[in-house]
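S.K.: When we follow our numbering, the leftmost residue of the sequence shown carries the number 55, and every step to the right adds one.
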Amino acid sequence: MATAGDIVLIYYGDKPTFFARIEEILQDHKPHWFHVKLLVLQIPVVEVVWILREEYINGASFTMGGHSLRMKPVTGPDESARHDPVNGEGLKHDRNKSGKVIPLFGEK
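(1) Identify, in the order they occur along the chain, each residue of the same chain with its Cβ nearer than 7 Å to the Cβ of Trp104, setting aside the five sequence neighbours on each side.
(2) Evaluate Leu106 with the Cβ neighbour count: other Cβ atoms within 10 Å of its Cβ, from every protein chain shown; 16 or more gives buried, anything less gives exposed.
(3) Roughly how many angstroms separate the alpha carbons of Phe116 and Arg124, rounded to a whole number?
(4) Can you tell which of Gln96, His86, Thr71 and Phe73 has the C-alpha that lies nearest to the C-alpha of Met55?
(5) Between which two residues does the beta strand (DSSP E) harbouring Ile97 extend?
(6) Just the C-alpha distance for Thr52 and Leu80, rounded to the nearest angstrom, thanks.
(7) In whole angstroms, what is the alpha-carbon distance linking Lys126 and Arg75?
(8) Have a look at Trp61 and Lys154 and give me their C-alpha separation to the nearest angstrom.
(9) Grab me the residues of Tyr110's own chain with a C-beta within less than 6 Å of its C-beta, minus the 5 sequence neighbours each way, in chain order.
(10) Going along the chain, which residues of its own chain have a beta-carbon closer than 7 Å to the beta-carbon of Tyr65, five neighbours each way excluded?
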């Protein structure tokens with residue numbers, strides 16, 4: 055089951071809609087249901103609490119207000135692809151190639 059601190063992608067129907075961080079998961083008074091506090095990562099940041107079953111937290115589709123929703127855990131890049139601790143080698147970079155710098159806020 056997902057835990058506090060995990061980042062999830064919320065799907066509305068079949069479309070990815072927003073990212074959220076799970077702030078806490080508390081047992082509901084009904085068996086097998088949980089209060090899931092989510093920090094919706096948007097501007098402005100919004101905090102919501104959804105009451106969900108464990109299978110919904112783990113990615114099964116559910117409905118809310120007649121609309122299909124789904125939570126999918128977001129995982130980072132595979133660290134083993136970037137660094138091999140056994141051989142002590144990381145990714146090899148071609149130092150002869152120059153990269154292009156793209157200004158974030160326009161040119162000065």
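The C-beta atom is built at its ideal place from N, Cα and C for all residues, glycine as well.
M.R.: Quick look at the numbers:
(1) Here Trp104 has Val90 and Leu92 as same chain residues with Cβ atoms under 7 Å from its own Cβ, once five neighbours each way along the sequence are excluded.
(2) Buried: at least 16 other Cβ atoms inside 10 Å.
(3) One C-alpha to the other measures close to 6 Å.
(4) Closest option to Met55, judged by alpha-carbon separation, among Gln96, His86, Thr71 and Phe73: His86.
(5) Run containing Ile97: none; DSSP gives neither H nor E here.
(6) Residue numbering for the chain in the displayed model covers 55 to 162; residue 52 lies beyond these limits and cannot be assessed.
(7) Inter-residue distance for Lys126 and Arg75 is about 11 Å (C-alpha atoms, whole angstroms).
(8) The amino acid occupying residue 61 in the given sequence is Ile; Trp does not appear at that position. Their Cα atoms are separated by approximately 31 Å.
(9) Excluding sequence neighbours, Tyr110 sits near Phe116.
(10) Thr71, Leu123, Arg124 and Lys126.
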